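> Heads up, the sequence shown is in the numbering used here, so the first residue is 62 and it goes up one at a time. Would you mind keeping the following structure in view while I ask a few things?
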Amino acid sequence: IALTDDPFLGAEQVAGDLLVRYDRALAQVRHNALDGIQPSQPDRVVLTWQPDGSVATAPADDRAGTILAAHGFIQDPHSGIYRLSGDDTQAQARALREIGPQLDALGIGTALQHPAGRHAPTSAPASMPPAPAGARTPTARTR
């Protein structure tokens, strides 16, 4: 933004243009930070498996956040997202089992999902490779 020598006009230009664009960019960054993590509702915490093996969630209230933090979830101060590392899968499984009943006692349900674009494995049988072509027999060519 090119500013003039008039400080009041400069302040108007910054407030009217730059700050509006900054607010839009900040909203987009926050949206991108969720990276497929559905925001939770007050009565439901949505836990999302991440490609690195961690589990992430964005709880809607502090009651759920307190329980998550007590079970090893670390809150990102900028996005508010709680992550549970996947480095120790036994500790991760234990934490996930323990938070369910505690959240349920507060009337908060839980849901576990895979991130968008990643599908859960199916029980469909593997496809069979194509059968090899049979021996070729020469065909007679006529004119």
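Just so you know, even glycine gets a beta-carbon here, dropped at the ideal spot from N, CA and C. Quick caveat, the model's predicted, so the values are computed rather than measured.
Buried or exposed: which applies to Val81, given that a residue is buried once 16 or more other Cβ atoms fall within 10 Å of its Cβ?
Result: exposed.
> Does the stretch 132-145 come close enough to the stretch 67-80 that 3 or more CB-CB pairs lie under 8 Å?
Contact between the stretch 67-80 and the stretch 132-145 is absent, because fewer than three Cβ pairs lie under 8 Å.
> On the CB-based measure, 16 or more other CB atoms within 10 Å of its CB, does Ile5 come out buried or exposed?
This structure leaves residue 5 out entirely; the chain is present only between 62 and 204.
> Round the Cβ separation of Asp104 and Gly161 to the nearest angstrom and send it over; I've been treating them as touching at under 8 Å.
14 Å between Cβ atoms; not a contact.
> Applying the 10 Å Cβ sphere with the 16-neighbour rule, what's the burial state of Tyr83?
Counting Cβ neighbours within 10 Å, Tyr83 comes out exposed, since fewer than 16 surround it.
> Checking the sheet assignment: what are the DSSP bridge partners for Tyr207?
Residue 207 lies beyond the residue range present for the chain, which begins at 62 and ends at 204; the question has no answer from this structure.
> Who are the near neighbours of Leu167 in its chain, counting only those whose CB is closer than 7 Å to its CB and skipping five residues on each side?
So the qualifying residues of the chain are Arg124.
> Quick check on His180: does DSSP put it in helix, strand or coil?
Confidence at His180 is low in this model, with a pLDDT of 47, below 50, so the placement of that residue should be treated as unreliable; the coordinate-derived value is given next. DSSP places His180 in coil when its eight states are reduced to three.
> Looking at the secondary structure, which residues open and close the beta strand (DSSP E) in which Ala117 lies?
Counting along the chain, the beta strand (DSSP E) containing Ala117 begins and ends at Val116 to Thr118.
> Identify, in the order they occur along the chain, each residue of the same chain with its Cβ nearer than 6 Å to the Cβ of Ser146, setting aside the five sequence neighbours on each side.
Excluding sequence neighbours, Ser146 sits near Ser115.
> State the Cα-Cα distance for the pair Ala131 and Ala86, rounded to the nearest angstrom.
Ala131 and Ala86: Cα-Cα distance of roughly 33 Å.
> Can you give the Cα-Cα distance for Ala119 and Gln151, rounded to whole angstroms?
Roughly 23 Å between the two C-alpha positions.
> If you compare alpha carbons, which of Tyr143, Asp113, Gly71 and Gly133 is closest to Asp122?
Closest by alpha carbon: Tyr143.
> Excluding five sequence neighbours on each side, which residues of the same chain lie with their C-beta closer than 8 Å to the C-beta of Arg155?
There are no such residues.
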